[in-house]
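Which chain is which? The protein sequence lines are A and X, in order. Residue 88 in numbering that gives the first Met the number 0 sits at position 89 of the first sequence; the count goes up by one each step and never skips. Residue 113 in numbering that gives the first Met the number 0 sits at position 114 of the second sequence; the count goes up by one each step and never skips. All C-beta atoms in this analysis are idealised placements derived from N, C-alpha and C, irrespective of residue type, glycine included. First comes the structure, then the notes that go with it.
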Amino acid sequence: MVFNTGSALLDAIVLAVVSKEPEGTYGYKITQDVRQAIEVSESTLYPVLRRLQKEDCLEVYDLEFGGRNRRYYKITDKGMVQLKFYYDEWESYFKKINIIFEGVK
Amino acid sequence: MTKLEFLKELESLLPDIPLEEREEALQYYNGYFEDAGEDNEEVIMKELGSPSKVAAIIKADLNSNATDRESRGYFTEKGYQDTIYKEEKYEIIGTANKGTTNQEETYHTNKADSAKNPNESFSSNGSYNTNGGYNTNGSQNANRANDTNNAGYTNGTQYSYKNTQQSKNN
Chain A
0 MVFNTGSALL
10 DAIVLAVVSK
20 EPEGTYGYKI
30 TQDVRQAIEV
40 SESTLYPVLR
50 RLQKEDCLEV
60 YDLEFGGRNR
70 RYYKITDKGM
80 VQLKFYYDEW
90 ESYFKKINII
100 FEGVK
Chain X
0 MTKLEFLKEL
10 ESLLPDIPLE
20 EREEALQYYN
30 GYFEDAGEDN
40 EEVIMKELGS
50 PSKVAAIIKA
60 DLNSNATDRE
70 SRGYFTEKGY
80 QDTIYKEEKY
90 EIIGTANKGT
100 TNQEETYHTN
110 KADSAKNPNE
120 SFSSNGSYNT
130 NGGYNTNGSQ
140 NANRANDTNN
150 AGYTNGTQYS
160 YKNTQQSKNN
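Here it is in C-alpha cells:
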C-alpha cells in the first residue's frame, strides 16, 4: 500500500481486531488479523499492545494452552470508548476524502 | 540462529529497561514463536529481522511519550502540515530523491524557466523543494524501496524518522 498508517490508525485497527473476540485473542493471531488489512511487520504490534494495555484499553490474562500459558488480550470498557472515538474520527476523515475523490473513477 | 538464541540475544539487548518490561517482551515473543509453530520459526525470525531491531522498536516505544506519538501520527497522516519533524522529513525526502534524478531535473528546469521570468517569486521560493507533501508523492517508488530495505519498519512509517537514524547506525 502506498498510504501510510499513522499510530492512531494502527491503535484503532488493533482495538477493532481485539474487540471482535469477546473472549480475547493472542498476539500471533492479532498480528495475522491486522495483516489482512495493512502491511505490518511482526515486530510492530508488541509495543502497541503493551501500550494499549498500560492505558487500560486492553486487559490481559493467561490461559493454559498446549502445555503452556498463552497470553490473551481483551478489550476493556475504556478501550471500547476509545475505539468508538477513533471510528468516528475515521468516518469523518474518509467521508471528506471520498468527497474530494468523487468522479475520479 | 534458533528461537532460543534469538530470545537470549533479545534479552541481552534489553538490560536498560525495567525488569517487568523485559519479561513482558520476552514472554510475548516466546509465545509468538510458539503460536506460529516450530515450522515457521525461521520465517518469523526473518520477518522480525534481528534481535537488535526488535529491541530498538521496544525501546523506542518505551522512551516515547504521548506527545511524541501524536506528532508521529500527525506527521504521517497530515504530512506537509506538520512542522515539528521538518528536519527528519527533509532528510527522508533527500534520501528518496537520490533515486529520482528525473524529479531533480524537472525542478531545475522549472527553476531555469522561471529565472527568465522577471517575476522571480517562484524560483526564490525555497519552500517549493522542501515542501514535504509534494516531493514525497513524486518519489513514491523510491520511498517504497527504502521501506523494503528496512523491512521491520515497513508499515510503521510513523517511525520513519527513527528509522533513518537507525540506518545510519547500522
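- Query: What did DSSP end up calling F64 of chain A once you bin it into helix, strand or coil?
  - Reply: strand
- Item | Option nearest Y85 of chain A by Cα separation, candidates A:M0, A:V1 and A:G5 | A:G5
- Query: The alpha helix (DSSP H) with L18 of chain X in it runs from where to where?
  - Reply: L18 to A35
- What first and last residue would you give for the alpha helix (DSSP H) that runs through E4 of chain X? K2 to S11
- What are the residues that DSSP puts in a beta bridge with Y85 of chain A? Bridge partners of Y85 of chain A: none, in fact.
- Identified DSSP bridge partners for K59 of chain A: The sequence given here places Val at residue 59 of chain A; Lys does not occur at that position. A:Y72.
- Message: Looking only at its chain, what residues have a beta carbon closer than 6 Å to the beta carbon of I56 of chain X, apart from the 5 residues adjacent to it on each side?
- Response: none
- Where L9 of chain X meets chain A, residues with beta-carbon distance less than 7 Å: What L9 of chain X touches in chain A: nothing, since even the nearest Cβ is about 10 Å away.
- Message: Any beta carbon of chain X sitting closer than 8 Å to that of Y45 of chain A?
- Response: yes
- Flag this pair as touching only if the region 33-40 of chain A and the region 27-44 of chain X have three or more C-beta atom pairs under 8 Å; answer yes or no. no
- Message: Taking contact to mean 3 or more Cβ pairs, one atom from each stretch, closer than 8 Å, check whether the region 4-23 of chain X and the region 46-53 of chain X are in contact.
- Response: yes
- Residue nearest to E22 of chain A in terms of C-alpha spacing, selected from A:L48, A:E58 and A:P46: A:E58
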